[in-house]
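Be aware that the sequence shown starts at 1, since it is given in this note's numbering, and climbs by one per residue.
No residue lacks a Cβ here, since even glycine has one placed at the ideal position from N, Cα and C.
Treat the numbers as computed from the prediction; the structure is a model and nothing was measured.
Please read the structure below before turning to the comments.
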Amino acid sequence: SKLFGLIGGGVKEVRLPLSEILDITFKKGIFGRSAKIQVRTRSYAALAELPAEDGKLTLKLVKDDIERGRSAVDHIRREVTEYEAELPPPQTPVSQLFHDESEDETKKLER
Numbered sequence: 001s002k003l004f005g006l007i008g009g010g011v012k013e014v015r016l017p018l019s020e021i022l023d024i025t026f027k028k029g030i031f032g033r034s035a036k037i038q039v040r041t042r043s044y045a046a047l048a049e050l051p052a053e054d055g056k057l058t059l060k061l062v063k064d065d066i067e068r069g070r071s072a073v074d075h076i077r078r079e080v081t082e083y084e085a086e087l088p089p090p091q092t093p094v095s096q097l098f099h100d101e102s103e104d105e106t107k108k109l110e111r
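The structure is reproduced here in structure tokens:
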């Protein structure tokens with residue numbers, strides 16, 4: 001919350017599991033004086049406690065934090081990639097498992 005809409009109430013820490021991160025991007029600002037990190041999650045519920053807009057969490061960085069921010073994004077991307085590589089393959093829908101060409105020739109019963 002902000003005091004008079006101007007001064008923030010402090011830093012808030014929220015833990016976001018790797019499984020919830022859809023993607024993360026690093027964007028450097030004009031003239032290299034600022035940057036921002038944008039995080040999109042797989043569900044809106046993951047961002048419920050954070051000031052997100054359009055399903056994205058935006059973290060603004062000052063000049064002194066740009067390189068740390070870039071390396072953090074690279075590290076998180078590697079971690080997410082490794083996590084996703086360890087996941088089992090997606091399941092095949094049952095309708096595809098039992099599709100048989102003979103079904104195409106099956107005629108409907110007449111009444």
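Q.
Looking at TYR44: is its Cβ nearer than 8 Å to the Cβ of GLY55?
A. yes
Q. Could you check where the beta strand (DSSP E) with ASP23 kicks off and where it finishes?
A. 21-28
Q: Assign ALA48 to one of two classes, buried (16 or more other C-beta atoms within 10 Å of its C-beta) or exposed (fewer than that).
A: exposed
(Q) Using 8 Å for Cβ pairs, my map puts ILE37 next to ILE24. What's the rounded Cβ distance? (A) 7 Å
(Q) I need the straight-line Cα distance from PHE26 to LYS108, nearest angstrom please. (A) 58 Å
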